[in-house]
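Here the structure comes first, spelled out in structure tokens, and everything after it is commentary.
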Amino acid sequence: MHNAWYNVALDNRLHLATLRPGPLRILDIGYGTGIWAVEMKKIYPDSEIIAIDIGNDHPTVDEDGHPVHHGVDWRPGVDFMQEDWGLKDGSFDFIHAGMRWKLGRLHPQISGQAEFLELDWTPRCDVATSPASSDVSRWWQAMKIASTSLGKPLDYPADIETLVRRAGCTVLNHRVIDVQTAEDLFNLNADDPQIRITHWYRIFMFTPAYKTLNGMSMALLTRQLGWTPADVAALVLRVNYQLNLTHSPYYHNL
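Its first residue numbered 9, the sequence shown is counted upward by one per residue in the working numbering.
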């Protein structure tokens, strides 16, 4: 999804914010695969980049098996539900994150210019849906209940800017991009950013190797709601079918 979000949605940029010249102090919250932090280090080689996450999925060896760190200060094992993230109080020139549920914990421990980029998983639809599409609604309602019970709601509040301000931030810019679940087979212009975003989204969502919906649903619905793995798999299969239809009316907000 890195290709879709940064190369397409942000027009081959890793951030929209204007950063000052010279060495910077940069924080990446929830670095995931570590791609963003590694690419930022290439652009700002003299900058200090600290990347924190609960997991340890960043690249640690090169193609020959030799240890690498890419010049990034990787700090895995951070429990974001705790107040202490192992960071010294102070300011950063730039903070990058994709998890808005952590906003309330950013202040006053750290401060600086921040940018948040995240997909709102809400399956939106502007037209009347057929009865078969109720599988999508049932899945999403269950996911909302399960994620909320963990304190990590997947659905966005109606006014995300209010949440940002409550965290002590000043909103300078807020952009929303529609991500369609279906490709327009009559218009596959590779230069159209909207089409490219949809294309990469579909690769991430519907390529069997990724099993994206199954992966994000199985643990939540079995552990939090007590569903059986078979029930989750069956519902996800039907939801995948609905979202993957050629004329699917669903879309997400980015």
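Glycine residues also receive a C-beta, built at the ideal position from the N, C-alpha and C atoms. These numbers were taken from a predicted model, which means no experiment stands behind them.
Nearest to residue i by CA position, among the options, is which residue?
i, options, result
"F100", "W82, G94 and Q121", "Q121"
"N248", "N261, V172, P131 and L171", "P131"
"A105", "R83, I51, I37 and S55", "I37"
"E191", "D199, M151, M226 and I205", "I205"
"L125", "W147, Y14 and P53", "Y14"
"T26", "E123, S55 and V76", "E123"
"V46", "G63, V86, D81 and L221", "D81"
Quick check on residue i: buried or exposed, where buried means 16 or more other Cβ atoms within 10 Å of its Cβ?
i, result
"H255", "exposed"
"K49", "buried"
"L24", "exposed"
"D61", "buried"
Between the C-alpha atoms of residue i and residue j, what's the straight-line distance to the nearest angstrom?
i, j, result
"T68", "P216", "26 Å"
"H115", "A238", "Note that H115 scores 46 on pLDDT, short of 50, meaning its location in the model is unreliable; the coordinates nonetheless yield the value given after this. Whole-angstrom Cα-Cα distance: 42 Å."
"N20", "L32", "21 Å"
"N181", "S142", "35 Å"
"I43", "G94", "22 Å"
"S286", "L162", "Residue 286 is absent from the model: the chain starts at 9 and stops at 262."
"P257", "P84", "39 Å"
"L251", "R210", "10 Å"
"W148", "H74", "43 Å"
"L262", "R28", "27 Å"
In the DSSP output, which residue or residues are listed as bridge partners for residue i?
i, result
"Q90", "In DSSP, Q90 forms no bridge with anything."
"G98", "I118"
"H74", "Per DSSP, none; premise fails for H74."
"D81", "I58"
Along the chain, where does the beta strand (DSSP E) containing residue i start, and where does it finish?
i, result
"A242", "From DSSP, A242 is part of no beta strand (DSSP E) but of the alpha helix (DSSP H) over P237 to L251."
"R132", "D128 to C133"
"L125", "Where L125 is concerned, there is no enclosing beta strand (DSSP E), given that its DSSP letter is neither H nor E."
"I37", "R33 to I37"
"H260", "Y258 to N261"
Which residues mark the beginning and the end of the alpha helix (DSSP H) in which residue i is found?
i, result
"N181", "Segment: none, N181 is in no alpha helix (DSSP H) and carries neither H nor E."
"N222", "T220 to A227"
"Y209", "P201 to F214"
What do you reckon, is the C-beta of residue i under 8 Å from a heavy atom of the ligand ATP?
i, result
"V46", "No copy of the ligand ATP occurs in the structure displayed, which carries no ligand at all."
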